[in-house]
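Enquirer: Going by numbering that gives the first Met the number 0, the residue at position 286 of the sequence shown is 285; the numbering climbs one at a time, nothing skipped.
Note that CB positions come from ideal geometry on N, CA and C, so glycine has one too.
All of these numbers come straight from a predicted model, not from anything done at the bench.
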Amino acid sequence: MWFKNLCVLQINDPFELAPEMLHENLLENAARKCGPLETSTFGWTTPLGKDGNMLVHAAMGYNMLTARKEVKLLPSSVIRHFAGERIHEIEQAQNRKVGARERAKIREEITMELLPRAFHRIQDLYGYIDIKNQLIIIDTSNIKKADSFLELLRLSLGSFNITWPTVKKSPNHVMSEWLMNREVPQGFTLDDVCELINRKGDGSIVKCVKQDMTSDEIVEHLKAGKQVTQLALTWEDRISFVLSDNLMIKRLRFLDLIMSEARDAQAESAVERFDADFAIMTSAVSGLLTAVFDLFGGLGDAEPQSVEPVEELAAA
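#1: Three Cβ pairs or more, each shorter than 8 Å: is that satisfied between the region 264-276 and the region 222-229?
#2: For the candidate residues 11, 298, 94, whose alpha-carbon lies nearest to that of residue 168?
#3: Use the C-beta contact count for residue 121: other C-beta atoms within 10 angstroms, 16 or more gives buried, fewer gives exposed.
#4: In terms of alpha-carbon separation, which member of 170, 199, 193 lies closest to residue 210?
#5: Specify the secondary structure class of residue 250 as computed by DSSP and reduced to three states.
#6: Distance, Cα to Cα, residue 203 vs residue 246?
#7: Can you tell me the Cβ-Cβ gap for residue 151 and residue 41, rounded? I've got them flagged as a contact below 8 Å.
#8: Following the continuous alpha helix (DSSP H) through residue 126, name the residue where it begins and the one where it ends.
#9: Out of 215, 228, 24, 92, state which residue places its alpha-carbon closest to the alpha-carbon of residue 153.
#10: Rounded to the nearest angstrom, what separates residue 114 and residue 34 at their Cα positions?
#11: Who are residue 1's beta bridge partners in DSSP?
#12: Assign residue 180 to one of two classes, buried (16 or more other C-beta atoms within 10 Å of its C-beta) or exposed (fewer than that).
#13: Apply the 10 Å Cβ neighbour rule to residue 104 and answer buried if 16 or more other Cβ atoms are within range, or exposed otherwise.
#14: Leaving out the 5 sequence neighbours to the left and right, which residues in its chain are closer than 6 Å to residue 125 when beta-carbon positions are compared?
#15: Under three-state DSSP, which class holds residue 43?
#16: Taking DSSP as the reference, what is the three-state secondary structure of residue 308?
#17: Taking its Cβ as the centre, do 16 or more other Cβ atoms sit within 10 Å of residue 229, making it buried, or is it exposed?
#18: From what residue to what residue does the alpha helix (DSSP H) around residue 90 run?
#19: Below 8 Å on the Cβ atoms is my contact criterion, and I expect residue 20 with residue 46 to pass it. Report the Cβ-Cβ distance as a whole number of Å.
#20: Go ahead and pull the three-state DSSP assignment for residue 15.
#21: When you compare only the Cα positions, how much space is there between residue 100 and residue 79?
#22: What three-state label does DSSP hand residue 255 in the structure shown?
#23: Using CA coordinates, which residue listed in 48, 10, 199 is at the minimum distance from residue 158?
#24: Do residue 5 and residue 288 have their C-beta atoms within less than 9 Å of each other?
#25: Going by alpha carbons, who is nearest to residue 61 out of 49, 74, 133, 85?
#26: Once DSSP output is grouped into helix, strand and coil, what is the label at residue 69?
#27: Taking the beta strand (DSSP E) that residue 187 belongs to, which residues open and close that run?
#28: With residue 97 as the anchor, note down where its beta strand (DSSP E) starts and where it stops.
#29: Opposite residue 380 in the DSSP bridges: which residues?
#30: Rounded to a whole number of angstroms, what is the C-alpha to C-alpha distance between residue 254 and residue 267?
#31: According to the Cβ coordinates, are residue 174 and residue 97 closer than 9 Å?
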């Protein structure tokens with residue numbers, strides 16, 4: 000349940016649905032198993048797994064949702080193998096070559112025959128709605144996965160006005176200034192990972208790992224016209240992460256101060272453990288996001304628009 004990435008979006012119209020009503024809206028698109036001839040399904044499942052029966056898990060103003068994708072695994076190599084056998088049988092029995100159109104039809108027939116026997120793979124994607132701050136946080140750094148979560152939410156709610164977060168100061172410029180000046184704002188410390196891109200020049204990219212971010216080498220790259228697009232930071236010795244210039248947070252890691260708090264929380268059942276972890280995680284993430292947005296002058300006023308994919312800097 001502990002998130003490893005934070006894909007954050009702003010809700011532009013007040014979200015006021017009670018958890019019970021939200022659950023009712025999600026029911027129509029509840030997760031289900033693939034039918035015999037279906038290759039995949041996508042829908043909502045209970046965040047508590049077998050211990051829950053609600054599609055929304057609400058606690059302290061945070062509504063957790065879980066989107067489940069079930070996919071049938073039918074490798075193309077398997078289809079080619081069986082299709083090849085059938086094509087060979089036809090050619091031998093009828094003493095003729097099987098043409099391209101007939102080959103394609105045979106592959107389709109083989110696919111339909113094998114689908115009911117294919118193995119299934121299940122993938123769960125977690126996200127929650129922060130009612131107080133009017134945000135959606137999804138545990139992914141993959142834009143396509145985030146889009147699929149949001150499209151399912153729109154399908155369930157009818158309409159949902161959201162945008163990628165906008166801040167008042169350019170993250171590229173601000174993060175580059177930190178490295179140029181060799182210091183970050185109070186409450187944050189520099190870690191040893193960054194990515195620099197020269198977008199106005201030759202498009203060159205420099206990725207630094209296990210390197211001192213205050214070194215002369217980094218400064219020289221900045222002087223040459225590169226800007227920071229990703230930077231590893233630690234916040235108040237509580238959370239380490241990689242911050243992207245699109246405000247995506249990746250490689251999220253909750254440190255000992257938070258994890259010891261979770262270990263000390265009293266929990267006698269799986270549901271109580273989920274509640275305790277969820278409360279601690281969401282509180283920590285809320286503090287982190289507030290601090291991160293403040294680094295860039297706070298959230299700006301976003302004009303209503305549909306969410307458009309942005310450049311993905313790293314896969315999940």
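Expert: Put simply:
#1: No, the region 264-276 is not in contact with the region 222-229.
#2: Taking only the C-alpha atoms, the option nearest residue 168 is 298.
#3: Residue 121 comes out exposed.
#4: In terms of CA proximity to residue 210, 193 leads the group 170, 199, 193.
#5: Secondary structure of residue 250 (DSSP, three-state): strand.
#6: For the pair residue 203 and residue 246, the Cα-to-Cα distance works out to about 21 Å.
#7: Your pair residue 151 and residue 41 checks out as a contact, with CB atoms roughly 6 Å apart and the cut at 8 Å.
#8: Residue 126 -> not in any alpha helix (DSSP H); beta strand (DSSP E) instead, spanning 118-129.
#9: Taking the Cα of residue 153 as reference, the smallest distance to any Cα among 215, 228, 24, 92 is reached at 24.
#10: CA-to-CA, the gap between residue 114 and residue 34 works out to about 9 Å.
#11: The beta-bridge partner set that DSSP reports for residue 1 is empty.
#12: Exposed: under 16 other Cβ atoms inside 10 Å.
#13: With fewer than 16 Cβ atoms within 10 Å of its Cβ, residue 104 is classed as exposed.
#14: Within its own chain, the residues whose Cβ lies closer than 6 Å to the Cβ of residue 125, once the five positions on either side in sequence are excluded, are 65, 138, listed in chain order.
#15: Note: residue 43 maps to strand in three-state DSSP.
#16: Residue placement at residue 308 is flagged as unreliable, the pLDDT there being 37, under the threshold of 50; a coordinate-derived value is accordingly withheld.
#17: By the C-beta density criterion, residue 229 is buried, having at least 16 other C-beta atoms within 10 angstroms.
#18: Unbroken alpha helix (DSSP H) run through residue 90: 75-93.
#19: About 17 Å separates the two Cβ atoms, so there is no contact after all.
#20: Residue state for residue 15 is assigned as coil, using DSSP reduced to three classes.
#21: The alpha-carbon atoms of residue 100 and residue 79 are separated by roughly 15 Å.
#22: DSSP, read as helix, strand or coil, puts residue 255 in helix.
#23: Comparing Cα-Cα distances from residue 158 to each of 48, 10, 199, the minimum goes to 10.
#24: Taking 9 Å as the Cβ cut-off, residue 5 and residue 288 qualify as a contacting pair.
#25: Per the Cα distances, 133.
#26: In the structure shown, residue 69 sits in a strand (DSSP, three-state: E or B).
#27: Taken as a continuous stretch (DSSP letters only), the beta strand (DSSP E) holding residue 187 covers 187-196.
#28: Residue 97: not part of any beta strand (DSSP E); DSSP gives it neither H nor E.
#29: This structure gives no information on residue 380, because the portion of the chain shown stretches from 0 to 315.
#30: So the alpha carbons of these two residues sit roughly 24 Å apart.
#31: In this structure, residue 97 does not lie closer than 9 Å to residue 174 by Cβ.
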